[in-house]
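Please read the structure below before turning to the comments.
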Amino acid sequence: MMINEYGKSKTFSLRKTFIMFCSSAINVLSYQTFKQFFFELYLSLSSDKVTDVRITFLNSVCSIRPYLELDPTALNLFNVALSGFLMDTS
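Per the working numbering, the sequence shown runs over residues 148 to 237.
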């Protein structure tokens, strides 16, 4: 999928764009589609090497988290990713 190339891009601005896309896409795609094609890559960006990407991830939390409430496994993975920010010094 071409959009996944944004999430894996060497350019940090495209990775940020992928996160913003996910924030919007979850509103129009079924949750299962989002989880199958985007969730894993989206979560991986929570530990991106670029601070701006991680900040964009944090800004997307309010958009994504409500959709995870009925999926305990995904919610747990999401919470683990968020807990990584407790140690983030940047």
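Every residue gets a Cβ at the ideal spot worked out from N, C-alpha and C, and that includes glycine.
DSSP, reduced to helix, strand and coil, places V197 outside both helices and strands of the structure shown, so it counts as coil. In the structure shown, K163 falls within a helical segment according to DSSP collapsed to helix, strand and coil. Rounded to the nearest angstrom, the Cβ distance from F225 to L233 is 14 Å, too far for a contact under 8 Å. Secondary structure at K182: helix, using DSSP grouped into helix, strand and coil. If you draw a straight line from the Cα of K163 to the Cα of C209, it comes to about 16 Å. DSSP places E216 outside both helix and strand once states are collapsed to three, so it counts as coil. Collapsing the DSSP output to three states places T203 in a helix.
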